[in-house]
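Structure, as structure tokens:
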Amino acid sequence: MRILSETRREELVKQFGSHRDFKYFGKSYKHCYLAALTKEEYENLGMNSSPENPFPEKGYFPKMKESVAQFLQHPKYLEKSHPDRGISGITVKRYLQEFQKGLKLRDCFITDDVPANAYYICEGMHRLTAYGVFKELDIKDYDVQVYYHTNKNFN
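Count the sequence shown with the working numbering and you get residues 81 to 235, in order.
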């Protein structure tokens with residue numbers, strides 16, 4: 081991970097404070113950094129579900145690489161929604177179409193997944209997944225930028 085800059089909490093609240101889930105991830109950590117991920121970090125992002133594992137057991141989160149591969153291998157998954165707040169193929173497909181029209185990846189948030197010694201997506205799961213499908217997992221180191229919420233101090 082390459083830390084690009086630290087984002088002040090006031091800026092985050094101003095920009096994302098009205099977001100439905102911001103209260104859960106935006107205010108619960110000491111620091112927020114704009115960070116660029118390596119390919120490996122991107123592929124190992126934990127997610128709350130995948131097309132073939134819609135309700136994973138707590139602590140056994142699917143990885144981004146698995147979810148993207150499932151969409152690539154089975155395009156029919158792009159026609160399915162999720163009954164709750166998990167990965168929806170319909171939403172992934174909508175973002176995929178936007179990336180094909182030139183949309184840039186932005187406004188995605190991750191945090192530490194301490195038990196897995198990795199990172200977990202707290203907002204932007206559909207955008208990050210669609211980006212991986214769009215790129216067919218041909219992600220270069222530091223191409224993916226996210227907001228990283230953590231208690232770690234990199235200053």
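Idealized CB from N, CA, C, for every residue including glycine.
Source: prediction; values computed, not measured.
Can you find the residues in the same chain that come closer than 7 Å, C-beta to C-beta, to residue i, ignoring five residues on each side of it along the sequence?
i: Ser147; result: Met127, Ser130, Pro131, Ile167, Thr209
i: Tyr105; result: For clarity, residue 105 is Phe in the given sequence; the question names Tyr instead. Same-chain partners within the cutoff: Phe189, Thr191, Cys202, Glu203, His229.
i: Leu185; result: Arg207, Tyr211, Val224
i: Leu176; result: Ala210, Val213, Phe214
Once the 5 residues before and after residue i are set aside, which same chain residues still bring their CB inside 6 Å of it?
i: Ile190; result: Tyr199, Ile201, Val226, Tyr228
Is residue i near residue j, with beta carbons less than 8 Å apart?
i: Asp187; j: Gly204; result: yes
i: Lys110; j: Asn231; result: yes
i: Thr74; j: Tyr113; result: In this structure the chain extends from 81 to 235, so residue 74 is not present and cannot be described.
i: His154; j: Pro134; result: no
i: Asp221; j: Lys119; result: yes
Grab me the residues of residue i's own chain with a C-beta within less than 8 Å of its C-beta, minus the 5 sequence neighbours each way, in chain order.
i: Glu159; result: Gly169, Ile170, Lys173
i: Asp193; result: Gly126, Phe141, Tyr199, Tyr200
i: Asn233; result: Lys110, His111
i: Gln180; result: Phe214
Are there 16 or more other CB atoms within 10 angstroms of the CB of residue i, so buried, or fewer, so exposed?
i: His206; result: buried
i: Val213; result: buried
i: Pro142; result: buried
i: Gln150; result: buried
i: Leu152; result: exposed
i: Val93; result: exposed
i: Leu84; result: exposed
Out of the options, which has the shortest C-alpha to C-alpha gap to residue i?
i: Ser145; options: Glu178, Leu176, Lys232, Lys215; result: Reading the sequence as shown, one finds Lys at residue 145 and not Ser. For Lys145, the nearest C-alpha among the options comes from Lys215.
i: Ala116; options: Asn233, His154, Ile219; result: Ile219
i: Tyr140; options: Phe234, Val224, Asn124; result: Asn124
i: Glu178; options: Tyr211, His154, Pro163, Asp164; result: Tyr211
i: Glu90; options: Ser98, Leu183, Glu120; result: Ser98
i: Arg165; options: Thr118, Phe96, Arg100; result: Arg100
Given the structure, does residue i come close to the ligand SAM, in the sense that its CB is under 7 Å from one of the ligand's heavy atoms?
i: Lys184; result: As presented, the structure is devoid of all ligands, the ligand SAM included, so that no description of it is given.
For the region 177 to 223, list the alpha helix (DSSP H) runs that are entirely contained and at least 4 residues long, ordered along the chain. 205 to 214
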